[in-house]
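Novice: When we follow the UniProt record's numbering, the leftmost residue of the sequence shown carries the number 528, and every step to the right adds one. Just passing along the structure, written as structure tokens.
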Amino acid sequence: SAPAGHDDDVLDRRERVLAEVQEHYYARPPRIERGWREYLVDVDGRVYLDMVNNVASVGHAHPKVAAAASRQLRLLNTNSRFNYGAITEYAEKIAATLPDELDTVFFVNSGSEATDLAIRLAMASTGRPDIVAMREAYHGWTYASDAVSTSIADNPNALGSRPAWVHTVDAANSYRGIHRGDDAAKYAAEAAAVIDRLAAQGRPAGGFICETFFGNAGGVALPEDYLSEVYRTVRAHGGIAIADEVQVGFGRLGEWFWGFQQQGVLPDVVAVAKSIGGGQPIGAVITRKEIADRYRTQGYFFSSTGGSPVSSVIGMAVLDVIQQEQLQENARLVGAHLKARLQELGDRHPIVGTVHGSGLYLGLEFVRDRETLEPAPDETAAICDRLLELGVVMQPTGDFQNVLKIKPPLCVTQESADYFADALERVLSTGW
Ligand code: PMP
């Protein structure tokens, strides 16, 4: 029979009815019945600490979000072409979190839709089909967002199967990329050269897209001035700068509400999702009015449920909770404490290569050798399995699947962060 907290019947049925490619965490995951703050509870009442869930930004089952959702569901939930207050109020609140220039909002239902729309806006506003993207990225599963996603963790043949309009630049990873440490300044110059070359060939790029803080690699900060140089170059040829803030934006970095602030730049288009909905499917694209207006060249824009009354009130409740409960500040404080504890693990355990990240977007990178940086994916998977036994939900990320992606709900307490660090210490000390 299944171990406590598990339900093999529901798992077997899931595997029969859902597309196999739509994977689940763990070979044999527990059956989760409810969530509360940074905790998940299985069917037998066992509690897990959820250290991976950046969608549940304000914590699982937040009462203010639940109350807003249920009230609005009883009142009205319809498509965004009707005139109702919530969509306007929510758009104003989202725009208010951004610099004044970014004043025009589109609402969609996911990160994939948001990055897809951002790319479409770049194409529509410039009239050009070519887009430059950073390698080792994930931007979504829809046609355009997938086209600019070249992480081999997602698709081993990613680079070899891009459509002709996609052009890529090196992943600006100063830890394990081709330029490391101080040499990382070269990434921007090389990316600028790719963009210049396209223009010289008579096909200047319509836009450049990347994560503003390298989330897919585990929260690696881009080299200093990277985005300012690349944005300047793409704009010099008439293209626009797209910031994918789906993972790292919305207060998670602690020090900055948006990832682009860490780089001291202003993008032309910002794509956001995940955190903003706290689990409700909400995505948004925020841009300048003249860029948004150029979408008219493609026809009209309509998303039936994007910015629906229920999504709008949930989005407002999530933003209110982030502000009222000072969750960005919590991300800064608890994140700094946790990062220090993880770095300290590195003093005793040679498998710890480094700790990336800021606030509550951290990446603990496991290597077999600190000189060669040989990735340790099997060890990382085994460590995640062992952590689950100790009551912690954790998953790998990155092209080599050797980085723990540490991105808990923003309400995570220092006590919970310590529980995670203690559990990790135990796994690394006793084997996995
Ligand atoms: N951009 C980034 C950086 C992401 O990490 C993801 C999802 N992992 C997406 C876009 C796509 O978001 P969604 O899954 O909501 O479609």
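Ideal Cβ placement from N, Cα and C applies to all residues, glycine included. Bear in mind the structure is a predicted one, so any value in this text is a computation, not a measurement.
In chain order, which alpha helix (DSSP H) runs of at least 4 residues are fully inside the region 791-871?
Specialist: 816-820, 836-851
Novice: Take every Cβ of the region 690-706, pair it with every Cβ of the region 749-757, and state whether three or more of those distances are shorter than 8 Å.
Specialist: yes
Novice: Helix, strand or coil, according to DSSP, for THR957 in the structure here?
Specialist: helix
Novice: Between ALA770 and GLU738, what straight-line distance do the alpha-carbon atoms span, to the nearest angstrom?
Specialist: 6 Å
Novice: Just the C-alpha distance for GLY708 and PRO731, rounded to the nearest angstrom, thanks.
Specialist: 31 Å
Novice: For the ligand GDP, I want to know if GLU738 counts as a neighbour, meaning its beta carbon is within less than 6 Å of at least one of the ligand's heavy atoms.
Specialist: Looking at this structure, you won't find the ligand GDP anywhere; what it does contain is the ligand PMP.
Novice: What I want to know is whether the C-beta of GLY667 ends up closer than 6 Å to one or more non-hydrogen atoms of the ligand PMP.
Specialist: yes
Novice: So does SER678 have its beta carbon nearer than 6 Å to some heavy atom of the ligand PMP?
Specialist: no
Novice: Looking at the strands, I want to know which residues DSSP matches up with GLU738.
Specialist: ASP771
Novice: So, are the CB atoms of LYS591 and ALA844 less than 7 Å apart?
Specialist: yes
Novice: Can you have a look at GLY667 and say buried or exposed, based on whether 16 or more other CB atoms are within 10 angstroms of its CB?
Specialist: buried
Novice: Which one of ILE722, ASP723, ASP571, ARG662 has the shortest CA to CA distance from ILE705?
Specialist: Measuring from the Cα of ILE705, the nearest candidate turns out to be ARG662.
Novice: Using 10 angstroms around the beta-carbon of HIS587, count the other beta-carbons present and answer buried if the total reaches 16, otherwise exposed.
Specialist: HIS587 is buried by the Cβ-count criterion.
Novice: What do you reckon, is the C-beta of THR924 under 6 Å from a heavy atom of the ligand PMP?
Specialist: no
Novice: Starting from TYR617, follow the alpha helix (DSSP H) in both directions and report where the run begins and ends.
Specialist: 612-623
Novice: What does the alpha-carbon distance come out to for the pair PHE893 and THR832?
Specialist: 41 Å
Novice: Give the single residue among ASN743, ALA593, ILE736 whose Cα lies nearest to the Cα of GLY562.
Specialist: ALA593
Novice: How is ALA715 classed by DSSP in three states: helix, strand or coil?
Specialist: helix
Novice: How about ASP577: is its Cβ closer than 6 Å to a heavy atom in the ligand PMP?
Specialist: no
Novice: Going by DSSP in three states, PRO656 sits in which element: helix, strand or coil?
Specialist: coil
Novice: Is the region 623-642 close to the region 815-822, with three or more CB pairs under 8 Å?
Specialist: yes
Novice: If you check the beta carbons only, do VAL775 and PHE740 fall under 7 Å apart?
Specialist: yes
Novice: Here's a check: name, in chain order, each residue in its chain whose Cβ is nearer than 7 Å to the Cβ of VAL570, leaving out the five neighbours to either side.
Specialist: GLY532, ASP534, ARG558, GLU560
Novice: Let me check you understand the geometry: is the CB of GLY890 closer than 6 Å to at least one non-hydrogen atom of the ligand PMP?
Specialist: no
Novice: Is ALA800 near the ligand PMP, with its Cβ less than 6 Å from a heavy atom?
Specialist: yes
Novice: Any idea what DSSP makes of GLU560, helix, strand or coil?
Specialist: strand
Novice: Cβ-heavy atom distance between THR695 and the ligand PMP below 6 Å?
Specialist: no
Novice: Can you check whether the CB of SER688 is closer than 7 Å to the CB of GLY781?
Specialist: Against a cut-off of 7 Å, the Cβ pair of SER688 and GLY781 comes out as no contact.
Novice: Where DSSP assigns a beta bridge to ILE933, which residues make up the other side?
Specialist: ILE933 is bridged by DSSP to LEU889.
Novice: Could you tell me if PRO923 is buried or exposed, where buried requires 16 or more neighbouring beta carbons within 10 angstroms of its beta carbon?
Specialist: buried
Novice: Have a look at the DSSP bridge pairing and note the partners of residue 1045.
Specialist: Residue 1045 falls outside the range modelled here, since the chain spans only 528 to 959, and no answer is possible.
Novice: Rounded to the nearest angstrom, what separates GLN599 and PRO836 at their Cα positions?
Specialist: 7 Å
Novice: Look at the alpha carbon of GLU916 and the alpha carbon of THR605, and state the distance between them as a whole number of angstroms.
Specialist: 44 Å
Novice: Going by beta carbon distance, what residues of the same chain come within less than 8 Å of HIS694, once the five residues before and after it are set aside?
Specialist: Cβ neighbours of HIS694 beyond the five flanking positions: ASP657, ILE658, VAL659, ALA660, VAL721, LEU725, ALA732.
Novice: Taking DSSP as the reference, what is the three-state secondary structure of TYR566?
Specialist: TYR566 sits in a strand when the DSSP states are folded into three classes.
Novice: Report the residue from LYS932, SER943, VAL954, ALA948 whose alpha carbon sits nearest the alpha carbon of ASN581.
Specialist: LYS932
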